[in-house]
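Numbering follows our numbering, in which position 18 of the sequence shown is assigned residue number 23; successive positions increment by one, without gaps. Glycine is no exception: its CB is placed at the ideal position from the N, C-alpha and C atoms. Contents: one structure, followed by commentary.
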Amino acid sequence: MVISCMPEHRLSEAERAVVDYINKQQCIISLLSMEDIASGAFVSNATVSRAIRKCGFSSFSEMKYRLAEDAKNDRTSEQMNRVLSMSYTECIETVKRIDIPTVLAIVEQIRRADTVYLLANGLTALIANEFAIQLQCQKIRVCLISDSEMMRKMDLFCTERDLVLVLSVKNSTPELSIGVRLAKKNGAAVACCLCTKGTVLDELCDLALYGYSQPIYPNRFFGGTSRIGLMIMTRTIVEYMESETAAYAEENEK
């Protein structure tokens, strides 16, 4: 159902932005508040309310109800709503759980370390690989370790001047914990980006960021666990580092 202005009304530019935004976000409209729509369309709550009334709805609640009912009649939309709703929830919950002081402390450890050893396994290693490239672009010396045997030999090359940074959704691979223990034995600092609390890594790491993850539709080859939370946490770290570097360079130019 695409909402539009009633013939007897005319939308202002701001109100048209509201209608366009609502139509684009219909798959998650049941999750959005009036404040969310106002923020997304860069208008006030009052503008959202006026636009809704000009489209034939008596209130914001009526609009959400009618759009939701219309979506229920469309199986494709219902399935899409479920998928997008899960992704939306993971993003929101991860952002809520990110502790800013911990992000700053991890950034400081990354900048101070001689080498940052990224530990990740399975599909998480793909996220770690992108994270490694982004750090390398900022002139950080990074070594990605996704091989279990290498994790069992961390004490052979990791020193007290290094940082071990673990990415894991559930910490279901024992080699991650083994690698962390060996690195700590040599005096290395340890930070973790995790999506599950209550694992052995909680006790082993010096700094821990926590995101949110939930099961996704499983496939034949890999377990169905989302890694959106890890992507948000690593993006937060690298983008803050980049903005910090840019701000420092701008300050020196003055």
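Rounded straight-line distance, which links the Cα of residue j to that of residue i
| i | j | result |
| --- | --- | --- |
| Arg146 | Leu214 | 21 angstroms |
| Ala22 | Ile138 | 38 angstroms |
| Val174 | Gln219 | 10 angstroms |
| Leu149 | Thr178 | 16 angstroms |
| Met155 | Ser92 | 33 angstroms |
| Ile115 | Val205 | 23 angstroms |
| Glu135 | Ala56 | 42 angstroms |
| Glu95 | Gly229 | 14 angstroms |
| Tyr217 | Cys197 | 14 angstroms |
| Leu37 | Phe65 | 11 angstroms |
| Glu44 | Glu98 | It should be noted that the sequence gives Ser, not Glu, for residue 44. Each residue's Cα considered, the two are about 18 angstroms apart. |
| Glu13 | Ala46 | 23 angstroms |
| Ile42 | Tyr26 | 7 angstroms |
| Leu235 | Gln143 | 20 angstroms |
| Thr201 | Glu67 | 38 angstroms |
| Leu199 | Val100 | 13 angstroms |
7 angstroms Cβ shell around residue i - same chain, five flanking residues per side excluded
| i | result |
| --- | --- |
| Asp75 | Met6 |
| Cys60 | Ile8, Ser9, Cys10, Met11 and Val24 |
| Ile103 | Leu214, Met238 and Thr241 |
| Lys69 | Ile34 and Ser35 |
| Thr120 | Arg146, Cys148 and Asp167 |
| Lys190 | Asp160 |
| Glu247 | Gln143 |
| Leu16 | Cys10, Val24, Ala56 and Lys59 |
Delimiting residues of the alpha helix (DSSP H) encompassing residue i
| i | result |
| --- | --- |
| Ala213 | From DSSP, Ala213 is part of no alpha helix (DSSP H) but of the beta strand (DSSP E) over Leu212 to Tyr215. |
| Val174 | Counting along the chain, Val174 falls outside any alpha helix (DSSP H), and DSSP gives it neither H nor E. |
| Val108 | Ile105 to Arg117 |
| Val24 | Glu18 to Lys29 |
| Leu149 | Careful: Leu149 lies outside any alpha helix (DSSP H), inside the beta strand (DSSP E) at Val147 to Ile150. |
| Lys271 | Here the chain has residues from 6 to 259 only, and residue 271 is not among them. |
| Ile42 | Met39 to Ala46 |
| Ile57 | Asn50 to Lys59 |
| Ser153 | Ser153 to Met156 |
| Glu209 | At residue 209 the sequence reads Leu, which differs from the Glu that was named. Leu209 -> alpha helix (DSSP H) spans Val205 to Leu209. |
Strand pairing of residue i, partner residues [DSSP]
| i | result |
| --- | --- |
| Ala194 | Leu168 |
| Cys10 | Answer by DSSP bridge pairing: none, since Cys10 is not bridged. |
| Leu89 | Answer is none; Leu89 lacks a bridge partner. |
| Leu199 | Ser173 and Tyr215 |
| Thr241 | Its beta-bridge partners do not exist; DSSP assigns none. |
| Thr94 | Thr94 is not bridged to any residue. |
| Thr230 | Pro220 |
Bounding residues of the beta strand (DSSP E) (the contiguous stretch that carries residue i)
| i | result |
| --- | --- |
| Ile221 | From DSSP, Ile221 is part of no beta strand (DSSP E); its letter is neither H nor E. |
| Leu124 | Val121 to Leu124 |
Whole-Å CB distance - residue i paired with residue j, under 8 angstroms assumed
| i | j | result |
| --- | --- | --- |
| Glu40 | Asn28 | That pair is no contact at about 19 angstroms. |
| Leu301 | Val195 | This structure leaves residue 301 out entirely; the chain is present only between 6 and 259. |
| Ala193 | Val171 | Not really, about 12 angstroms apart at Cβ, beyond 8 angstroms. |
| Met159 | Ala188 | 5 angstroms |
| Arg157 | Gly127 | Not quite, the Cβ-Cβ distance comes to about 17 angstroms (not below 8 angstroms), so this is no contact. |
| Ala110 | Ser151 | So it is not a contact: roughly 25 angstroms between Cβ atoms. |
| Ala19 | Thr52 | 5 angstroms |
Contact set for residue i: own chain, Cβ-Cβ below 6 angstroms, skip 5 residues either direction
| i | result |
| --- | --- |
| Glu32 | Going by the sequence as given, residue 32 is Cys instead of Glu. Only Met85, Asn86 and Leu89 meet the Cβ criterion. |
| Val243 | Gln139 |
| Thr107 | Leu212 and Leu214 |
Cβ-based neighbour list, residue i, same chain, cut-off 8 angstroms, excluding 5 preceding and 5 following
| i | result |
| --- | --- |
| Arg71 | Met6 and Phe62 |
| Ser153 | Asn126, Thr178 and Glu180 |
| Thr129 | Leu172, Ser173, Val174, Arg232 and Leu235 |
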